[in-house]
Amino acid sequence: MNTIDHEQRNLAGLTPDEQVAMNTAGCLLLRELFGKTSSSLDTDWLAISTAKKVAICTIARQPRGELMTATLSALPHEKREAIRSAVKELGFQSLFRCGCDEKRWHPAPTTRSTRDIEQEKKERAARLRMKRVVIAASQMTQSRPRPIGQ
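First residue of the sequence shown? That's 4 in our numbering, and the numbers climb one at a time after it.
This is the structure:
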């Protein structure tokens, strides 16, 4: 017989195991919700059976070996488009939650990487800090000495 240590229950009255189950269900629900967006393309491709991937790659005239475990978002536009066309030819659209919508298969290219944008933000913040230091220093040197406390 399992005795429940009431100290282990959280504020919602759940045991650690129940909390894990609840979190897992929540994560699965979130994954399903996010899966309806373009991010599902890679997940769906990786979930397709090897036989279907081989068929798609053959029709798309793409090398199988590298595409069996690859993610579609990492591929160049031309390869992704060839695979999309092959999926349509074979009638495998239902394997992808987004069907064969071009916008989902070919997300708009980002012109700058996130790292570049973050670096720019840091540089801008550093320039702003330096500007404030210079202004504060110039104000201190321009004002005449005053007695402490005034």
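Ideal Cβ placement from N, Cα and C applies to all residues, glycine included.
As the structure is a computational prediction, the values presented were derived from the model and not from experiment.
Residue i, buried or exposed, once every other Cβ within 10 Å from all chains shown has been counted against 16
i: V90; result: buried
i: L131; result: exposed
i: I59; result: buried
i: L49; result: exposed
From the options, residue whose alpha carbon lies closest to that of residue i
i: T53; options: Q65, T61, A63, M71; result: M71
i: K82; options: Q96, P66, A128; result: P66
Residue i, DSSP secondary structure in three states
i: D45; result: helix
i: R147; result: coil
i: Q96; result: helix
i: P66; result: coil
i: A73; result: coil
Cβ-heavy atom distance, residue i to the ligand SAH, below 7 Å
i: R135; result: Absence of the ligand SAH is noted for the structure shown, with no ligands found whatsoever.
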